[in-house]
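J.: Per the UniProt record's numbering: the sequence shown ends with 418, consecutive numbering throughout.
Heads up, the beta-carbon is just placed ideally off N, CA and C, and yes, glycines get one too.
One structure, as structure tokens, below. Some questions next.
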Amino acid sequence: MRALTWQGRRDVRVEDVPDPRVTEPTDAVIRVTSTAICGSDLHLYEVLGMFLRPGDILGHEPMGVVEEVGAEVANLRPGDRVVVPFTISCGHCWMCDRALYAQCETTQVRDTGKGAALFGYTSLYGAVPGGQAEYLRVPQAQFGPVKLPPGPPDERFLYLSDILPTAWQAVAYADVPDGGTLAVLGLGPVGQMCVRLARHVGAGGIRATTPREVRVIGVDRVRARMDLAARHGADVLDVDDPGDIAARLFGLTDGRGPDAVIDAVGMEAHGAPLGKAAQAAVGLLPDSLARPLAQRYGLDRMAALHTAIRAVRRGGTVSLSGVYGGEVDPMPMMDLFDKGVQLRMGQAHVRRWTDQILPLLTDADVLGVETFATHRLPLADAPHGYEIFQKKLEDCVKVVLTP
Ligand code: NAD
Ligand code: ZN
Ligand code: ZN
16 MRALTWQGRR
26 DVRVEDVPDP
36 RVTEPTDAVI
46 RVTSTAICGS
56 DLHLYEVLGM
66 FLRPGDILGH
76 EPMGVVEEVG
86 AEVANLRPGD
96 RVVVPFTISC
106 GHCWMCDRAL
116 YAQCETTQVR
126 DTGKGAALFG
136 YTSLYGAVPG
146 GQAEYLRVPQ
156 AQFGPVKLPP
166 GPPDERFLYL
176 SDILPTAWQA
186 VAYADVPDGG
196 TLAVLGLGPV
206 GQMCVRLARH
216 VGAGGIRATT
226 PREVRVIGVD
236 RVRARMDLAA
246 RHGADVLDVD
256 DPGDIAARLF
266 GLTDGRGPDA
276 VIDAVGMEAH
286 GAPLGKAAQA
296 AVGLLPDSLA
306 RPLAQRYGLD
316 RMAALHTAIR
326 AVRRGGTVSL
336 SGVYGGEVDP
346 MPMMDLFDKG
356 VQLRMGQAHV
366 RRWTDQILPL
376 LTDADVLGVE
386 TFATHRLPLA
396 DAPHGYEIFQ
406 KKLEDCVKVV
416 LTP
């Protein structure tokens with residue numbers, strides 16, 4: 016089959032690889048019909064090369080049609096249409112019993128210090144081949160894949176694989192009070208879905224409030240992404256406009272700051288990184304000295320997180336969906352403690368949220384997901400898709416590949 020493989024930094028190629036097969040009784044193999052590129056793929060593309068081997072198959076946002084199932088997969092049959100969660104969970108271990116599916120003890124690889132295995136995330140998370148391919152082996156298929164009704168096109172359901180449940184979890188963790196204000200840092204695919212869910216569904220349920228009760232302020236620097244969020248009811252700020260972004264958020268919230276801030280950015284790698292020793296040295300400096308130094312030398316891979324902590328109101332919540340991988344990044348513990356900030360984060364427990372999201376997708380397209388992708392490309396053009404998504408060319412917000 017053809018699959019998108021990692022070859023080196025910013026070097027991905029579509030190649031011939033062996034077809035996947037059912038190897039465990041809990042496996043299924045699906046023929047992939049749609050598969051998206053994610054901001055998390057960009058971490059592998061840009062900075063996490065040390066964890067990859069040339070030839071690793073990327074991708075964790077797939078859906079398709081079941082081709083074959085193992086003996087213990089009683090819930091699926093060949094021909095079923097499914098979307099596949101990016102976190103691989105067994106559904107019955109100690110963690111899964113508590114709906115902590117991203118911490119599944121059956122699929123996590125012991126001694127790596129990591130949670131559940133993920134598709135297409137290399138040796139970091141279980142070395143499971145990814146879904147930017149014509150076919151995909153799905154471990155723990157007796158639990159993971161979500162069966163879909165016939166009718167609506169793939170893109171109505173595709174984002175159940177990752178960005179919708181990720182955004183749902185981020186908004187649920189943010190726990191904005193009715194009538195409160197939520198700031199969303201980063202208006203990539205995840206941030207866009209946070210805006211839509213908070214505006215169209217309401218904050219807590221997410222707590223079944225009526226629309227318009229949550230004020231959402233979206234922050235980015237890419238005009239097309241800010242405009243899109245504005246069309247879905249967010250006020251928007253450009254992070255690069257003059258003035259400290261936290262101060263500007265205070266200005267919009269009676270001087271207190273938003274009740275919650277979602278960081279949908281994660282680590283940004285730019286500039287020439289210093290060695291670990293230099294990073295550690297910067298980490299020992301007081302924040303007022305460390306921050307300008309870190310920015311000057313491209314070390315501030317946590318710019319959005321630090322903004323979130325500074326901007327959130329006292330007693331508020333910072334909810335992170337953005338992924339951070341630093342070991343020596345300084346954390347502003349003084350601010351966190353003094354302000355009494357709650358921090359909630361983590362890989363999305365995808366299956367915990369999918370049953371709640373599905374009704375928003377089946378009857379009508381309440382969230383506008385069918386028109387969300389800005390680029391639809393054949394799998395063969397995936398390398399171009401990575402480039403425009405990373406560089407935000409052609410007003411790219413989301414790329415969907417069709418094998
Ligand atoms: P993306 O890279 O397309 O979006 C990030 C956005 O942040 C971009 O639009 C960028 O312009 C903007 N940005 C960069 N620096 C900023 C700053 N300082 N302030 C405000 N905006 C800034 O990625 P995405 O697909 O939307 O994913 C966002 C993050 O969520 C990534 O870190 C990704 O790895 C993570 N993620 C986590 C989970 C999870 O389970 N927790 C799931 C999916 C994605
Ligand atoms: Zn993803
Ligand atoms: Zn489990």
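Can Gly141 and Ala148 be called in contact, C-beta distance under 9 angstroms?
T.: no
J.: For Gly23, which three-state DSSP category applies?
T.: strand
J.: For the region 334-408, list the alpha helix (DSSP H) runs that are entirely contained and at least 4 residues long, ordered along the chain.
T.: The region 334-408 is shown to contain whole alpha helix (DSSP H) runs of 4 or more residues at 348-354, 365-372, 374-377 and 397-406, in chain order.
J.: On the CB-based measure, 16 or more other CB atoms within 10 Å of its CB, does Glu30 come out buried or exposed?
T.: exposed
J.: Start and end of the alpha helix (DSSP H) containing Thr41?
T.: Counting along the chain, no alpha helix (DSSP H) covers Thr41, and no H or E run does either.
J.: Measuring from each Cβ to the nearest heavy atom of ligand 2, keep the ones under 6 angstroms and list them in chain order.
T.: Cys53, Ser55, His75, Glu76, Phe101 and Asp177
J.: Take the Cβ of Asp71 as the centre, count every other Cβ of all protein chains shown within 10 Å, and call the residue buried at 16 or more, exposed below.
T.: buried
J.: So the candidates are Tyr136, Glu402 and Leu416; which of them puts its Cα closest to the Cα of Asp410?
T.: Glu402
J.: Pick from Arg246, Gly248, Arg325 and Thr48: whose alpha carbon is nearest that of Arg271?
T.: Arg325
J.: Would you kindly check if the distance between the Cβ of Ile45 and the Cβ of Val88 is under 9 angstroms?
T.: For Val88 and Ile45, no; Cβs fall outside 9 angstroms.
J.: May I ask you to check if the CB of Glu87 is nearer than 8 angstroms to at least one heavy atom of ligand 3?
T.: The nearest non-hydrogen atom of ligand 3 is 8 angstroms or more from the C-beta of Glu87.
J.: Would the beta-carbon of Asp235 be found less than 8 angstroms away from any heavy atom of ligand 1?
T.: Correct: Asp235 has its Cβ closer than 8 angstroms to ligand 1.
J.: For Met349, is the classification buried or exposed, using 16 other Cβ atoms within 10 angstroms of its Cβ as the cut-off for buried?
T.: exposed
J.: Assign Leu304 to buried or exposed, taking buried as 16 or more other Cβ atoms, counted over all protein chains shown, within 10 Å of its Cβ.
T.: exposed
J.: Measuring straight from C-alpha to C-alpha, what distance separates Val210 and Gly166?
T.: Val210 and Gly166 have their C-alpha atoms spaced approximately 27 angstroms apart.
J.: Would you say Ile52 and Phe404 are within 9 angstroms of each other, going by their C-beta atoms?
T.: yes
J.: To the nearest whole angstrom, what separates the beta carbons of Thr41 and Ala114, a pair I think is in contact under 8 angstroms?
T.: Not really, about 20 angstroms apart at Cβ, beyond 8 angstroms.
J.: Asp250 and Gly233 - do their beta-carbons sit closer together than 9 angstroms?
T.: yes
J.: Is the closest heavy atom of ligand 3 to the C-beta of Glu39 under 8 angstroms?
T.: Because no heavy atom of ligand 3 lies under 8 angstroms away, the Cβ of Glu39 does not count as near it: no.
J.: Round the Cβ separation of Asp255 and Gly201 to the nearest angstrom and send it over; I've been treating them as touching at under 8 angstroms.
T.: Rounded, the Cβ-Cβ distance is 14 angstroms, inconsistent with contact.
J.: Buried or exposed: which applies to Trp109, given that a residue is buried once 16 or more other Cβ atoms fall within 10 Å of its Cβ?
T.: It counts as exposed.
J.: Evaluate Ala275 with the Cβ neighbour count: other Cβ atoms within 10 Å of its Cβ, from every protein chain shown; 16 or more gives buried, anything less gives exposed.
T.: buried
J.: Quick one: does the C-beta of Gly281 sit closer than 8 angstroms to a heavy atom of ligand 1?
T.: yes
J.: Would you say Val37 and Gly94 are within 9 angstroms of each other, going by their C-beta atoms?
T.: no
J.: Indicate the three-state DSSP secondary structure (helix, strand or coil) for Leu173 in the structure shown.
T.: helix
J.: Where does Pro418 land, buried or exposed, given buried means 16+ other C-beta within 10 angstroms?
T.: By the 16-neighbour rule on beta-carbons within 10 angstroms, Pro418 is buried.
J.: What are the boundary residues of the beta strand (DSSP E) that includes Arg96?
T.: Arg96 to Val98
J.: On the premise that Leu163 lies in contact with Val97, defined as a C-beta separation below 8 angstroms, what is that separation, rounded to the nearest angstrom?
T.: 6 angstroms
J.: For Leu408, count neighbouring C-beta atoms within 10 Å of its own C-beta (all shown protein chains included) and say buried if the count is 16 or more, exposed if not.
T.: exposed
J.: Indicate, with yes or no, if ligand 3 has a heavy atom lying under 8 angstroms from the CB of Glu61.
T.: Glu61 has its Cβ no nearer than 8 angstroms to any heavy atom of ligand 3.
J.: Would Arg366 and Gly159 qualify as a contact pair, given that the criterion is a beta-carbon distance under 9 angstroms?
T.: yes
J.: Is the separation between the beta-carbon of Ala323 and that of Ile372 shorter than 9 angstroms?
T.: no
J.: First and last residue of the alpha helix (DSSP H) that includes Arg325?
T.: Counting along the chain, the alpha helix (DSSP H) containing Arg325 begins and ends at Ala318 to Ala326.
J.: Once the 5 residues before and after Ala213 are set aside, which same chain residues still bring their CB inside 6 angstroms of it?
T.: Val186, Leu197, Val229 and Val231
J.: Which runs of the beta strand (DSSP E) at least 3 residues long sit entirely within the UniProt domain "Alcohol dehydrogenase-like N-terminal" (40-160)? Give them in chain order.
T.: 43-51, 77-84, 96-98 and 150-153
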